[in-house]
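The structure appears below as structure tokens.
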Amino acid sequence: TEQAADGGDLLERRGAVFATVQGHYYAAPPRIERGWRHHLLSTDGRSYLDIVNNVTPLGHAHPGVERAVARQLRRLNTNSRFHYASVVEFTERLAALLPDPLDTVFLVNSGSEAVDLGLRLAIGATGQPDVMALREAYHGWTYASDAVSTSLQDNPNALATRPSWVHTVDSPNSYRGRHRGADAARYAPEAVAAIDALAAEGRPAGAFVSETFYGNAGGVALPDGYLAEVYAAVRRHGGLAVADEVQAGYGRLGHWFWGFEQQQVVPDIVCVAKAMGNGHPLGAVVTTREIAERYREQGYFFSSTGGSPVSSVVGLTVLDALRDEDLQGNAVRVGGHLKLRLQALAERHAVVGAVHGSGLYLGLELVRDRGTLEPATEETAELCDRMLDLGVVVQPTGDHLNILKIKPPLCLDTAAADFFADALDLALTQLGHAD
Ligand code: PMP
Numbered sequence: 549t550e551q552a553a554d555g556g557d558l559l560e561r562r563g564a565v566f567a568t569v570q571g572h573y574y575a576a577p578p579r580i581e582r583g584w585r586h587h588l589l590s591t592d593g594r595s596y597l598d599i600v601n602n603v604t605p606l607g608h609a610h611p612g613v614e615r616a617v618a619r620q621l622r623r624l625n626t627n628s629r630f631h632y633a634s635v636v637e638f639t640e641r642l643a644a645l646l647p648d649p650l651d652t653v654f655l656v657n658s659g660s661e662a663v664d665l666g667l668r669l670a671i672g673a674t675g676q677p678d679v680m681a682l683r684e685a686y687h688g689w690t691y692a693s694d695a696v697s698t699s700l701q702d703n704p705n706a707l708a709t710r711p712s713w714v715h716t717v718d719s720p721n722s723y724r725g726r727h728r729g730a731d732a733a734r735y736a737p738e739a740v741a742a743i744d745a746l747a748a749e750g751r752p753a754g755a756f757v758s759e760t761f762y763g764n765a766g767g768v769a770l771p772d773g774y775l776a777e778v779y780a781a782v783r784r785h786g787g788l789a790v791a792d793e794v795q796a797g798y799g800r801l802g803h804w805f806w807g808f809e810q811q812q813v814v815p816d817i818v819c820v821a822k823a824m825g826n827g828h829p830l831g832a833v834v835t836t837r838e839i840a841e842r843y844r845e846q847g848y849f850f851s852s853t854g855g856s857p858v859s860s861v862v863g864l865t866v867l868d869a870l871r872d873e874d875l876q877g878n879a880v881r882v883g884g885h886l887k888l889r890l891q892a893l894a895e896r897h898a899v900v901g902a903v904h905g906s907g908l909y910l911g912l913e914l915v916r917d918r919g920t921l922e923p924a925t926e927e928t929a930e931l932c933d934r935m936l937d938l939g940v941v942v943q944p945t946g947d948h949l950n951i952l953k954i955k956p957p958l959c960l961d962t963a964a965a966d967f968f969a970d971a972l973d974l975a976l977t978q979l980g981h982a983d
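Per UniProt numbering, the very first residue in the sequence shown carries number 549; after that it's consecutive.
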């Protein structure tokens, strides 16, 4: 447009070339052109605490990643059909992070690709094209990963538009689902019954796919034993367990490197992304040699940039920094401290219904009534806007958009956690009194 040509309003120019589905945070967002650790810097000179960036566990502008990428770009970047050390070293390191028999790695570029490939591996290896998934989940935007995504937050028509090979069971939300508290133990037998019923119809599921720690609801742990029962049922009918670790994995939970460890299970196929590349596009599927070989008879795999020298070097650098900077330990320490601070807010503010999560994967759920759990959706939106004024970037999640998702870089320190909790305290106190 004319306005764009002479450097007109950047947000309008964005709107002119983006579809409306490609939204942005905030009605009037600050322009962010720099970041440092868990801080974001706007072009008008403000610093914001970043509470949403689970894609950058090491923090923004990490010097180790910057150096590794620059050095590798000066040397070589090509595809993984060439023979070089970094891709071997990275896949070995990744496989070593997973329990036996998960020893075979596919490198891709995103979480959507990882879930898509995970489903294709399962369907290819079993010859069973039906898939069982959880409702209210998000797994990606590609054909197969989108097909198993039913979160209304992302697509209001999600449930009505599933392809016929996708089947869903209730999301096992122990806070606001059909079964709450101790009753949440009922979700697993119900899911098992649905898996059995599908098999009885002559179309046993080739895969059961889910997050291993329930992300769309703000980091709610699945009920104890849930995945063990459901994985056993799907395997009984020849299917495979596909774990989406795109958000939960890589140390964010603190006590567990992988979400499936919390459930004490070992999946057949694990899909990883986000944190792996600290913002560089990196994803992976890790499975057994046998499943990968069976897929070879029916499917193809090659990714032009998956496992490139630059991506592999980034992957190695991120793993080194996670270890050297003890970021999983930091998630335990700072996440534990932050959770206590948030729980204290729940005692002072009736609108705080629950504090979910583990490590630095937390969720603050806002309700109008602790009995009915009526979601405080408008209040959550107001709170996020007020938090921006106070210098914090935090966003809502959940099908009712009434949960603050708290997934900061894992380098968050105690001072920043306190700043966040203090700002929240103030914003909660002022809720409904906006001038
Ligand atoms: N799975 C989960 C659980 C996710 O949260 C996401 C991204 N929000 C994806 C898959 C898709 O990942 P990507 O955006 O890298 O394609």
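We treat Cβ as the ideally placed atom computed from N, Cα and C, and that holds for glycine.
Collapsing the DSSP output to three states places G980 in coil. Taking C-beta atoms under 8 Å as the contact rule, H785 and P752 qualify, at a distance of about 4 Å. Contact annotation, A609 with V794: C-beta distance approximately 23 Å; criterion of less than 8 Å not satisfied. For Y798, the distance from the CB to the nearest heavy atom of the ligand PMP is not below 7 Å.
Not one heavy atom of the ligand PMP lies closer than 7 Å to the C-beta of S699. Proximity to G593 across T920, E581 and E873 peaks at E581, based on C-alpha coordinates.
Take the alpha-carbon of N625 and the one of F761: they are about 35 Å apart. Secondary structure at S712: coil, using DSSP grouped into helix, strand and coil. Of Y686, A733 and A730, the smallest CA-CA separation from T716 is found for Y686. In this structure, G939 sits near A971, with a CB-CB distance shorter than 8 Å. Assignment of beta strand (DSSP E) within the region 887 to 937, counting only whole runs of 3 or more residues, yields 900 to 906 and 909 to 914 in chain order. Between the region 924 to 937 and the region 844 to 857 there are fewer than three C-beta pairs closer than 8 Å, too few to call the two in contact.
In this structure, the ligand PMP has no non-hydrogen atom nearer than 7 Å to the beta-carbon of H572.
The shortest C-alpha to C-alpha distance from P737 to any of R710, L667, P771 and W713 is the one to P771. It is roughly 16 Å from the alpha-carbon of F654 to the alpha-carbon of V862. The residue among L914, E927 and G980 with its C-alpha nearest the C-alpha of Y723 is L914.
In the structure shown, L770 adopts coil according to DSSP, grouped into three states. Within the DSSP bridge table, the entry for K953 names G911 and Q943 as partners. Note that the C-beta distance between G946 and G907 is not below 8 Å.
Excluding the 5 residues flanking it on each side, V714 has same chain C-beta neighbours closer than 7 Å at V679, A681, A695 and V696, in chain order.
With fewer than three CB-CB distances shorter than 8 Å, the region 911 to 929 does not count as touching the region 868 to 876. For E749, no beta strand (DSSP E) run applies, since DSSP gives it neither H nor E.
Boundaries for R734: no alpha helix (DSSP H) harbours it, and the DSSP string shows neither H nor E there.
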